[in-house]
Amino acid sequence: DAGVIQSPRHEVTEMGQEVTLRCKPISGHNSLFWYRQTMMRGLELLIYFNNNVPIDDSGMPEDRFSAKMPNASFSTLKIQPSEPRDSAVYFCASEREVTDTQYFGPGTRLTVL
Amino acid sequence: KQEVTQIPAALSVPEGENLVLNCSFTDSAIYNLQWFRQDPGKGLTSLLLIQSSQREQTSGRLNASLDKSSGRSTLYIAASQPGDSATYLCAVNDYGQNFVFGPGTRLSVLP
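In structure tokens form, the structure reads like this:
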């Protein structure tokens, strides 16, 4: 398997623009996670899905952030409108079941000017 | 609210040394604990996963222990190598899939 795939790898945008990050989990994995990593706050869980259903979005910072998982092989994290404080590395991870390990994608480095 | 801390924040050792990284968590009601490795500019790679019912896990030169009652886990790296240089993070999985990561320990192994 190719592992967790994220796109784009790098994104530079201007404040106020919409940003969409994409993730393809490992085939057969039932759970998908979105994380954000910054120097100040470390790695934070934003939201996770189980069988394509959002289970816990309490980590989503505010209404500007939204995530969807229309099918088992694709998820998006959208920021609208983006702000400079959203600059971070966003990781997607998947796992087969709750007792299993998480597999991380390479991340998307987002810079909002 | 679960909080995870790691000590030390950074560590530099000569090649060949055995070393211990520490992870502490405040709520002992956990489902499992994982140790990850992160290389600069890369994603996280899982090293070891310890279920709440287990005391330790081993993989090659790595050994991780878990003491739930005291809220502690250690990662032991034997005979360290320059290729082990990376940031090591522990993550606690609360019941309900609430993953909380520690800040990490940045390890440098000098040749």
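Protein chains in written order, with my numbering: chain A, 1 to 113; chain B, 114 to 224. Here a beta-carbon is modelled for each residue, glycine too, at the ideal position from N, C-alpha and C. All of these numbers come straight from a predicted model, not from anything done at the bench.
Just to confirm before moving on: does the CB-CB distance between S178(B) and I143(B) stay below 8 Å? no
Would you list the residues sitting across from R145(A) in a DSSP beta bridge? Since the first and last residues shown for chain A are 1 and 113, residue 145(A) lies out of range.
Please name the residue in F33(A), G3(A) and E44(A) whose C-alpha comes closest to that of D86(A). E44(A)
Sequence-distant residues of its chain with Cβ nearer than 6 Å to G107(A) (five each side left out): Setting aside the 5 residues that flank it on each side, G107(A) is surrounded in the same chain by V89 and F91, each with a C-beta closer than 6 Å to its C-beta; the list follows chain order.
Element boundaries [beta strand (DSSP E), containing A204(B)]: A199 to D207
If T200(B) sits next to L134(B), beta carbons under 8 Å apart, how far is it from one beta carbon to the other, in whole angstroms? Not quite, the Cβ-Cβ distance comes to about 10 Å (not below 8 Å), so this is no contact.
Report the option in P81(A), T76(A) and M15(A) whose CA atom is closest to the CA atom of P8(A). T76(A)
So for P84(A), helix, strand or coil by DSSP? helix
What's the C-alpha gap between Q102(A) and E14(A)? 32 Å
Under DSSP, the beta strand (DSSP E) around V222(B) begins and ends at which residues? T218 to L223
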